[in-house]
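What follows is a single structure, written as C-alpha coordinates, with notes after it.
In our numbering, the protein residues as written are 5 to 117.
This is the structure we're talking about:
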(Lines of atoms letter the chains of each structure in order from A and count residues from 1; the text may use other names and numbers.)
(Lines give C-alpha, C1' and ligand atoms only; values in the text may rest on other atoms or scores of the structure.)
Protein backbone atom coordinates (compact mmCIF):
# COMPACT_ATOMS: atom_id res chain seq x y z
CA UNK A 1 0.00 0.00 0.00
CA UNK A 2 1.35 3.41 -0.93
CA UNK A 3 1.75 6.24 1.53
CA UNK A 4 2.14 9.99 1.11
CA UNK A 5 5.86 10.53 0.56
CA UNK A 6 5.48 14.32 0.94
CA UNK A 7 4.07 13.82 4.43
CA UNK A 8 6.85 11.34 5.22
CA UNK A 9 9.40 13.97 4.21
CA UNK A 10 7.74 16.58 6.47
CA UNK A 11 8.09 14.14 9.35
CA UNK A 12 11.73 13.37 8.48
CA UNK A 13 12.58 17.08 8.51
CA UNK A 14 10.79 17.62 11.83
CA UNK A 15 12.59 14.68 13.50
CA UNK A 16 15.99 15.27 11.84
CA UNK A 17 17.67 16.68 14.96
CA UNK A 18 16.64 13.79 17.21
CA UNK A 19 18.88 10.80 17.88
CA UNK A 20 17.65 7.22 17.68
CA UNK A 21 15.08 7.69 14.90
CA UNK A 22 14.42 4.62 12.79
CA UNK A 23 12.02 4.25 9.88
CA UNK A 24 10.08 1.01 9.45
CA UNK A 25 7.50 -0.01 6.92
CA UNK A 26 4.55 -1.40 8.85
CA UNK A 27 0.77 -1.21 9.13
CA UNK A 28 0.51 -0.47 5.42
CA UNK A 29 2.60 2.67 5.71
CA UNK A 30 5.76 4.09 7.21
CA UNK A 31 6.41 4.31 10.94
CA UNK A 32 9.04 6.41 12.69
CA UNK A 33 10.40 4.77 15.79
CA UNK A 34 12.01 6.98 18.44
CA UNK A 35 14.12 5.29 21.11
CA UNK A 36 12.82 1.92 19.88
CA UNK A 37 9.19 2.98 20.42
CA UNK A 38 6.53 3.68 17.81
CA UNK A 39 6.04 7.44 17.71
CA UNK A 40 4.58 8.78 14.46
CA UNK A 41 4.00 7.57 10.95
CA UNK A 42 2.22 7.87 7.65
CA UNK A 43 -0.80 5.74 6.80
CA UNK A 44 -2.02 6.43 3.25
CA UNK A 45 -2.25 10.24 3.31
CA UNK A 46 -2.71 10.67 7.06
CA UNK A 47 -0.37 11.37 9.94
CA UNK A 48 -0.45 8.62 12.57
CA UNK A 49 0.49 9.62 16.11
CA UNK A 50 0.90 7.54 19.24
CA UNK A 51 -0.35 9.77 22.03
CA UNK A 52 -1.09 9.46 25.71
CA UNK A 53 -4.33 7.43 26.01
CA UNK A 54 -5.39 9.82 28.78
CA UNK A 55 -5.56 12.62 26.15
CA UNK A 56 -7.25 10.54 23.46
CA UNK A 57 -10.81 11.85 23.88
CA UNK A 58 -9.62 15.46 23.78
CA UNK A 59 -7.48 14.76 20.72
CA UNK A 60 -10.20 13.30 18.54
CA UNK A 61 -12.33 16.43 18.76
CA UNK A 62 -9.61 18.42 17.00
CA UNK A 63 -10.10 19.07 13.27
CA UNK A 64 -9.11 16.19 11.01
CA UNK A 65 -8.39 13.74 13.84
CA UNK A 66 -9.93 10.32 14.39
CA UNK A 67 -9.19 7.18 16.34
CA UNK A 68 -7.05 4.65 14.50
CA UNK A 69 -9.21 1.63 13.80
CA UNK A 70 -7.93 -1.07 11.44
CA UNK A 71 -9.88 -4.08 12.63
CA UNK A 72 -13.11 -2.54 13.99
CA UNK A 73 -11.30 -2.41 17.32
CA UNK A 74 -10.48 1.22 18.14
CA UNK A 75 -6.87 1.72 19.22
CA UNK A 76 -6.98 4.19 22.10
CA UNK A 77 -3.76 6.20 22.14
CA UNK A 78 -3.33 6.01 18.37
CA UNK A 79 -4.84 8.69 16.14
CA UNK A 80 -4.91 9.50 12.45
CA UNK A 81 -4.93 13.12 11.32
CA UNK A 82 -5.86 14.10 7.79
CA UNK A 83 -4.56 17.11 5.85
CA UNK A 84 -7.13 19.47 7.38
CA UNK A 85 -5.63 18.85 10.82
CA UNK A 86 -1.96 19.26 9.86
CA UNK A 87 -2.14 21.87 7.12
CA UNK A 88 -0.42 24.61 9.10
CA UNK A 89 3.07 24.24 10.56
CA UNK A 90 1.60 25.04 14.00
CA UNK A 91 -0.93 22.18 13.78
CA UNK A 92 1.68 19.77 12.40
CA UNK A 93 4.08 20.64 15.25
CA UNK A 94 1.25 20.21 17.77
CA UNK A 95 0.71 16.58 16.74
CA UNK A 96 4.40 15.72 16.50
CA UNK A 97 4.87 17.30 19.93
CA UNK A 98 2.02 15.21 21.38
CA UNK A 99 3.65 12.03 20.09
CA UNK A 100 7.13 13.00 21.29
CA UNK A 101 5.80 13.91 24.74
CA UNK A 102 4.12 10.53 25.10
CA UNK A 103 7.16 8.72 23.76
CA UNK A 104 9.07 9.67 26.91
CA UNK A 105 6.77 7.52 29.05
CA UNK A 106 5.52 4.96 26.53
CA UNK A 107 6.63 1.39 26.92
CA UNK A 108 8.74 -0.15 24.24
CA UNK A 109 7.21 -2.99 22.28
CA UNK A 110 8.82 -6.35 22.75
CA UNK A 111 11.07 -7.19 19.85
CA UNK A 112 10.18 -10.27 17.89
CA UNK A 113 12.85 -12.85 17.41
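Built from N, CA and C at the ideal position, the CB exists for glycine as well.
Only a predicted model underlies this, so the values are computations on that prediction, with no experimental measurement involved.
In this chain, the alpha helix (DSSP H) harbouring residue 102 covers 93-107. Counting only residues of its own chain and dropping the five nearest sequence neighbours on each side, residue 40 has a CB closer than 6 Å to the CB of 112. Here the alpha carbons of residue 30 and residue 95 stand approximately 25 Å from one another. Closest by C-alpha distance to residue 107, out of 49, 27, 11, 53, is 53. Taking a 10 Å sphere around the C-beta of residue 101, we find fewer than 16 other C-beta atoms and assign the residue as exposed. Non-local beta-carbon contacts of residue 18 in its own chain, meaning distances under 8 Å to residues more than five positions away in sequence, involve 96, 97, 100 in chain order. Per DSSP, reduced to three states, the secondary structure at residue 54 is strand. Bridge pairing for residue 25: 38 [DSSP]. Put simply, the backbone Cα of residue 74 is about 17 Å away from that of residue 55.
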